[in-house]
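Have a look at the structure below before the remarks.
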């Protein structure tokens, strides 16, 4: 192919203007005549028996149209899915319960639903619902919950909902060869996504009796799950996905949709439901806290010889995606390193905390924090430069993952990315203030893009060339703000030789757009990018074939550029695209195509020892940080932050940089400030005043370095970047803190309190 | 409950309505179709609901509608009518300063209000100015770039060298 015209260019997204003018209608911006307002009654206790629910007073309140409890839900208990069309089994599809029945499992669990004429009436009605609870002891620590005889969160006879393992080599022998062994326990907390747009949606029944739900979701395929809850055929529920005000995995599970569906189905009226910020923090999924016991052995020269890791993840009150996340963590547990002897065990445990599920990074940031802290520890103890020790151990093309043995067949940009990130950090900043210490830290990592291969993932896209030369795309792709939709427009514009302004996309509608799968797992560039490329190239081929007849030249000498089909060695010979379209139309040649792209597929692995391919491919990256630590207050300031990833091909560099910059800061919050504090299941941080995310004054100007190896499996060799971008920044920051003040913080976030306590150990002992 | 008559301009257009005493300006504006004013927390913490009220950027969720009586409100939709507003919109688009876009209206209004008073801020001042507006997607860099570029451009127009 000749030089790119649109792909690879930092162009504004097609939806950017609608966002700066405020014209774009998010989920909460949409109203319908006669619309009712919904509210959800939530459990006051993290663990309790429901003795009785009396809704009669609420029902009698003027303006109330419906009050629903579990008994009103046709199928209150189904299974948690996230768009997969294959049955996976093996405990992956856990219980999804719409409304609590008999027992509540976490504080904030939905107990009853109300629809009323106004929001105020709906709120009043909540107060009139009488629920008698009998509090139960509950269990809040996964290390307690895993013990035999522990309080049982659910109805099964164990709290363990998933166990995974990987073994390779012989760890006993491995540790016997080690000159140095590092053994430590690392902990990470609950964190929230806090997308700025809280969960929202609206539902109605259309002229044909179809239940429509317009909702902010990463997974429009939940239409099937909603249909199952109502006992409807799948084709009687339609999802229209809105452009999201952020998602980060928090809109991967069902949020408001089943509640909307039940209330609309009952009242036959349009219903709108929007969570408050407090409700959002209280009730939607969190990132998994992990307790990670690591033991790593190395030779004097820094070469790793053995790794033994035991990971325990807190699933909270319901499984949702916890088994999947824990599997991701298992595969990621040894990082991007060659280690001959490895043993990883991971356990996923229910507690009476708020449930946990997908959060940007999906099980990678947790072990990444542990193993990269240990690599730093090794580097200091063995007196080997942080970059050098990684150079000596990192995976390279053709090597196999230390956990699963999956062979890396595509290009592995290690240690290249590490060298670039570390070098770009530059010399250490000088500081004369003796209470302000400067330190630098490095972390490297890998993360998959695309879903686990045993999910048999696919994406579809429809492209049509209109008679005037404009182009229409239909794709079920949801856009959470990463520019997923604009990316497809760019690919089509490139292939069909038209400007972006000539491309219009219809997206995320289960009735009208081919299903493209979920905007999760960093999969859309790869999956829907490929499906779109396939459809566009099919049409392009038909155009070139016809143009070859018209111009009387060989088809492979033709290209479409600026709406002209031209001879590439002599651009003065051309025929306007619209003329070729006319000719095609006259001959009945189809100028539309719906294409499907399938990811490689495997069978469900043996979960106690996962071997071979579990992911299509991986993205490799490195992040380097310089911090200043105030030794009097423990305050950390990030002075420099560099992030370098092999993104394969940056289809829109502005979007890719955006992911790398934003991902870094997302991870910076994880490292330094963010924690959903739960005390015995009660959330103590239900607002932005307690749950602290980075603001503009807290952040450095992130320096994003893009490596474009062209080695990815996506269109034009692209790789995914959304989740990898945030998955290793926490250890880079904590390693920099160690470099600055010699204090190793082993639990996130590294708050000033933790740092000062570690720095002034003697003082605090007194 | 008693309702009060209210009269204000939004983006230079007169709006007359009736409000309850406790209704926030955010709710009033959204109820009247100004859905470009976003609701992220309703506690004055996130900045998505920022509007300009009589030449001052405020968080409309913690302003009562009655406090805006006979006053002038600007939302992001009105920015295309104002030179600096339009420049900021354009700069946000060209710099890729927008991801999910939910913080964007508030960011642009805060920047506009600040630059009306301080046309030549440096990056640090810009960061401070927008620190009451949270963004979860961008890491703020491209937002600061977008605002800074408008400042630089402003200065070039004045024919001075800006460092």
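Residue numbers (the numbering used here), protein chains in the order written: chain A, 1 to 766; chain B, 767 to 929.
Every residue gets a Cβ at the ideal spot worked out from N, C-alpha and C, and that includes glycine.
These figures come from a predicted structure and were not determined experimentally.
- Indicate the three-state DSSP secondary structure (helix, strand or coil) for residue 486 of chain A in the structure shown. Taking the first residue of the first chain as position 1, residue 486 of chain A is located at position 486. Reduced to three states, the DSSP call for residue 486 of chain A is helix.
- Residues near residue 372 of chain A by beta carbon distance below 8 Å, same chain, minus five either side: As a first step, residue 372 of chain A is located in the first chain; it is residue number 372 there, counting from the start. Contacts found: 335, 443, 444, 445, 728, 731, 732 and 735.
- Leaving out five residues before and five after residue 726 of chain A in sequence, what residues of the same chain have Cβ atoms less than 6 Å from its Cβ? Here the question's residue 726 of chain A lines up with position 726 in the first chain. The residues are 360, 361, 663, 666 and 667.
- Message: Along the region 187-204 of chain A, where does the CB come closer than 9 Å to a CB of chain B? Name the residues.
- Response: 193, 194, 195, 196, 197 and 198
- Please specify which runs of the beta strand (DSSP E), each continuous and at least 3 residues long, are wholly inside the region 308-392 of chain A, giving them in chain order. 341-350
- Task: With DSSP as the reference, please indicate the residues paired to residue 79 of chain A in a beta bridge.
- Result: By 1-based counting over the first chain, the position of residue 79 of chain A is 79. DSSP lists A:95 as partners of residue 79 of chain A.
- Query: Cβ of residue 537 of chain A less than 8 Å from any chain B Cβ?
  - Reply: As a working mapping, residue 537 of chain A is identified with position 537 in the first chain. No, residue 537 of chain A lies away from the interface with chain B (no Cβ there is under 8 Å from its Cβ).
- How would you write the range of the alpha helix (DSSP H) that residue 659 of chain A sits in, first residue to last? Numbered from its first residue, the first chain carries residue 659 of chain A at position 659. Looking at the DSSP string, the run of the alpha helix (DSSP H) that includes residue 659 of chain A is 653-672.
- Can you list, in chain order, the stretches of the alpha helix (DSSP H) that have 4 or more residues and sit fully within the region 467-535 of chain A? 484-496
- Given that residue 790 of chain B touches chain A, what residues does it touch there, using C-beta distances under 8 Å? Within the second chain, numbered from 1, the residue matching residue 790 of chain B stands at position 24. Correct list: empty, because the minimum Cβ distance to chain A is about 13 Å.
- Item | Option nearest residue 184 of chain A by Cα separation, candidates A:330, A:231, A:328 and A:747 | Taking the first chain and counting its residues from 1, the one referred to as residue 184 of chain A is at position 184. It is A:747 whose Cα lies nearest to the Cα of residue 184 of chain A.
- Item | Euclidean distance between Cα positions of residue 838 of chain B and residue 819 of chain B | Reading the second chain from its first residue, position 72 is the one you call residue 838 of chain B. Reading the second chain from its first residue, position 53 is the one you call residue 819 of chain B. So the two alpha carbons sit approximately 6 Å from each other.
- Query: Can you tell which of B:824, B:856 and B:862 has its C-alpha closest to the C-alpha of residue 879 of chain B?
  - Reply: Against the second chain, residue 879 of chain B aligns to sequence position 113. Of B:824, B:856 and B:862, the residue nearest in Cα terms is B:824.
- Task: Spell out whether any CB of chain A is found under 8 Å from the CB atom of residue 811 of chain B.
- Result: Here residue 811 of chain B refers to the residue found at position 45 when the second chain is read from its first residue. Chain A contact via Cβ: present.
- Item | Check whether residue 475 of chain A and residue 532 of chain A have beta carbons under 8 Å apart | As a first step, residue 475 of chain A is located in the first chain; it is residue number 475 there, counting from the start. As a first step, residue 532 of chain A is located in the first chain; it is residue number 532 there, counting from the start. Yes, Cβ-Cβ distance for residue 475 of chain A and residue 532 of chain A is below 8 Å.
- Residues in the region 11-22 of chain A having any Cβ partner in chain B nearer than 7 Å: 12, 16, 17, 19, 20, 21 and 22
- Task: Please report how far the alpha carbon of residue 239 of chain A lies from the alpha carbon of residue 762 of chain A, in whole angstroms.
- Result: By one-based count along the first chain, residue 239 of chain A stands at place 239. By one-based count along the first chain, residue 762 of chain A stands at place 762. Distance between the alpha carbons of residue 239 of chain A and residue 762 of chain A: 60 Å.
- Message: Between residue 276 of chain A and chain B, is any beta-carbon pair separated by less than 8 Å?
- Response: Looking up residue 276 of chain A in the first chain gives position 276. Residue 276 of chain A counts as touching chain B.
- Based on the DSSP secondary-structure assignment, which residues constitute the bridge partners of residue 167 of chain A? As a working note, residue 167 of chain A is residue 167 in the first chain. Partner(s): A:343.
- Item | Against chain A: residues of the region 857-871 of chain B by CB proximity under 8 Å | 858, 859, 860, 861, 862, 864, 865, 866, 867, 868, 869, 870 and 871
- From this set, A:526, A:498 and A:567, which residue's C-alpha is nearest residue 553 of chain A's C-alpha? As a working note, residue 553 of chain A is residue 553 in the first chain. For the residues A:526, A:498 and A:567, the minimum Cα distance to residue 553 of chain A belongs to A:567.
- Query: Is DSSP giving residue 881 of chain B helix, strand or coil here?
  - Reply: The residue labelled residue 881 of chain B in the question sits at position 115 within the second chain. Helix.
- Determine the chain B residues that contact residue 654 of chain A at a beta-carbon separation under 7 Å, and present them in chain order. Taking the first residue of the first chain as 1, we reach residue 654 of chain A at position 654. Under the 7 Å cutoff, chain B gives 862.
- Near-chain B residues of the region 216-244 of chain A - C-beta to any C-beta below 8 Å: 243 and 244
- Item | Cutoff 6 Å; reference residue 462 of chain A; Cβ partners in own chain excluding five residues on either side | For the purposes of this step, residue 462 of chain A is identified with residue 462 of the first chain, where counting begins at 1. Excluding residues within five positions, the ones whose Cβ falls inside 6 Å are 474, 514 and 594.
- Is the Cβ-Cβ distance between residue 273 of chain A and residue 201 of chain A less than 8 Å? By one-based count along the first chain, residue 273 of chain A stands at place 273. By one-based count along the first chain, residue 201 of chain A stands at place 201. Result yes, Cβ atoms of residue 273 of chain A and residue 201 of chain A sit closer than 8 Å.
- Task: Would you list the residues sitting across from residue 150 of chain A in a DSSP beta bridge?
- Result: Position 150 of the first chain holds residue 150 of chain A. DSSP, once it has assigned bridges, lists no residue as partnering residue 150 of chain A.
- Message: Taking only three categories from DSSP, how would you classify residue 249 of chain A?
- Response: The sequence position of residue 249 of chain A within the first chain is 249, counting from 1. Looking at residue 249 of chain A - three-state DSSP - the assignment turns out to be coil, as it is neither helix nor strand.
- Task: Could you tell me whether the Cβ of residue 695 of chain A comes closer than 8 Å to any Cβ of chain B?
- Result: For the purposes of this step, residue 695 of chain A is taken as residue 695 along the first chain, with counting starting at 1. Interface residue, yes.
- Message: Please confirm whether residue 934 of chain B has its beta-carbon closer than 8 Å to some beta-carbon of chain A.
- Response: This structure cannot settle anything about residue 934 of chain B, because the visible part of chain B is limited to 767 through 929.
- Item | Candidates A:205, A:449, A:291 and A:428: closest to residue 439 of chain A by CA position | Here residue 439 of chain A corresponds to residue number 439 of the first chain, with the count starting at 1. Cα-wise, what sits closest to residue 439 of chain A is A:428.
- DSSP state of residue 812 of chain B, grouped into three classes? On the second chain, residue 812 of chain B is found 46 positions in, with the first residue counted as 1. In the structure shown, residue 812 of chain B sits in coil (DSSP, three-state: anything other than H, G, I, E or B).
- Task: Would you list the one or two residues that DSSP bridges to residue 705 of chain A?
- Result: As a first step, residue 705 of chain A must be located in the first chain, where it is residue number 705. Note: residue 705 of chain A sits in a beta bridge opposite A:644.
- Message: So, under 8 Å CB-CB, residue 648 of chain A and residue 719 of chain A are touching, yes? Tell me the CB distance rounded to an integer number of Å.
- Response: By one-based count along the first chain, residue 648 of chain A stands at place 648. By one-based count along the first chain, residue 719 of chain A stands at place 719. Right, the Cβ-Cβ distance comes to about 4 Å (below 8 Å), so this counts as a contact.
- Straight-line CA distance for residue 289 of chain A to residue 615 of chain A? One-based indexing of the first chain puts residue 289 of chain A at position 289. One-based indexing of the first chain puts residue 615 of chain A at position 615. Taking the straight line from one Cα to the other gives about 23 Å.
- Query: Run through DSSP, which three-state label would residue 443 of chain A get?
  - Reply: Locating residue 443 of chain A in the first chain gives position 443, counting from the first residue. If DSSP states are grouped into helix, strand and coil, residue 443 of chain A belongs with the strands.
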